[in-house]
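Undergrad:
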Amino acid sequence: MLAHTIRSIRRQLHNLADKSTWENFYASKQNGGSKFDWFVDYQHLKKYLEPWITSNHHHHLAVLDLGCGISDIGARIFLDLLNQTGTVDCVDFSETAIRMMQDKYQHLANNPSSKLSYICAEATSLPFNDCTYHMVLDKGTLDAAIRHQSGEVIGQKIVTEALRVMACPSKLIQISDEDPDLRLQFLYHCCKIYQEKTKIYNTSVKFQELGTFNGMEYLMYTIEKGLA
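Residues 13 to 240, numbered by this note's numbering, are exactly what the sequence shown covers, in order.
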């Protein structure tokens with residue numbers, strides 16, 4: 013069912029990088045009260061995220077969900093893996109999606125001790141300081157952006173901006189269905205741009221197969237950031 017839904021959306025959403033496309037899509041979901049997970053959901057990802065979060069967990073651990081849409085993965089990380097400690101910021105450029113998620117988790121948003129936030133912002137120009145997050149999760153955001161006619165330039169901005177806000181050490185996790193021959197070359201290039209600009213950081217790029225979910229094959233690409 014999920015694979016059919018995603019294929020259907022890809023046919024309908026001719027420009028996955030266009031803001032109005034997603035505003036219309038999320039508006040159509042407002043009365044349903046349901047979440048939508050692009051590619052894979054939290055249960056599929058938990059076993060890949062948990063070891064790193066557990067080994068690095070402290071009260072100041074900060075996670076960024078980049079392009080959260082109306083997925084509950086950020087909230088699940090906050091409630092389940094972080095036990096409501098640390099910080100999880102969920103970002104999307106769709107005002108409709110952010111409003112829906114703020115309403116859904118208002119019981120946490122209204123809690124002064126809670127650090128789960130939903131923020132409307134562009135992935136190419138994040139409103140956060142350098143070296144803020146210990147983990148950045150991108151589940152399909154880059155995949156949507158690179159479908160734009162200027163997708164390569166936009167994609168480079170998304171990756172280098174994610175690297176900018178990442179702490180040291182930290183990890184960027186991308187979930188994608190793109191072939192490694194294409195994605196790895198692109199990520200290496202983005203890392204080279206970032207390293208030449210900053211001069212003080214090293215990056216390493218890896219990938220692993222996640223397997224087939226609902227008839228579709230997915231991969232996890234990671235960039236680890238450290239001092240040179």
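Even glycine gets a Cβ: it sits at the ideal position worked out from N, Cα and C.
(1) How would you label Thr66, buried or exposed, when you count the other beta carbons within 10 angstroms and need 16 or more for buried?
(2) Tell me which residues share the same chain as Val100 and place their Cβ nearer than 6 Å to its Cβ, disregarding the 5 neighbours each side in the sequence.
(3) Who does Lys218 pair with in a DSSP beta bridge?
(4) Just the Cα atoms here: how many angstroms apart are Leu25 and Leu138?
(5) Take Lys218 as the anchor and find which of Thr172, Cys180 and Phe198 has the nearest alpha-carbon.
(6) Identify the continuous alpha helix (DSSP H) that holds Ile170 and give its terminal residues.
(7) What is the DSSP secondary structure of Leu327, counted as helix, strand or coil?
(8) Residue ranges of each alpha helix (DSSP H) run of no fewer than 4 residues wholly in the stretch 23-107, ordered along the chain?
(9) Can you confirm whether the stretch 170-186 touches the stretch 145-160 when touching is taken to mean that 3 or more C-beta pairs between the two stretches lie within less than 8 Å?
(10) Hey, is the stretch 148-166 in contact with the stretch 25-44, meaning 3+ C-beta pairs nearer than 8 Å?
(11) Please report the straight-line C-alpha distance between Leu154 and His119, rounded to a whole angstrom.
(12) At a Cβ threshold of 8 Å, is Phe37 touching chain B?
(13) Identify which residue in Met232, Ser216 and Thr215 has its Cα closest to the Cα of Gly223.
(14) Quick check on the burial criterion: 16 or more other C-beta atoms within 10 angstroms. Buried or exposed for Ala109?
(15) Across which residues does DSSP place Gly227 in a beta bridge pair?
(16) Check this for me: beta carbons of Thr172 and Tyr206, under 8 Å apart or not?
(17) Once DSSP output is grouped into helix, strand and coil, what is the label at Ile185?
(18) Grouping DSSP H, G and I as helix and E and B as strand, with all else coil, what is His201?
TA: In short:
(1) exposed
(2) Val75, Gly86, Ile89, Phe90 and Leu128
(3) Thr234
(4) Residue placement at Leu25 is poorly supported in this model, since its pLDDT is 48, which falls under 50; the coordinates still yield a value, given next. About 25 Å.
(5) Phe198
(6) Gly163 to Val177
(7) With the chain covering 13 to 240 only, the question about residue 327 has no answer from this structure.
(8) Every alpha helix (DSSP H) of 4 residues or more that sits fully in the stretch 23-107 is shown, in chain order, as 31-39, 54-68 and 85-88.
(9) Yes: the two stretches touch, three or more of their Cβ pairs being nearer than 8 Å.
(10) Touching, yes, given that three or more Cβ pairs across the two stretches are closer than 8 Å.
(11) 31 Å
(12) Looking at the structure shown, chain B is missing, and only one protein chain is on hand.
(13) Met232
(14) buried
(15) In the DSSP assignment, Gly227 forms no beta bridge with any residue.
(16) yes
(17) strand
(18) Look at His201 here: in three-state DSSP terms it is helix.
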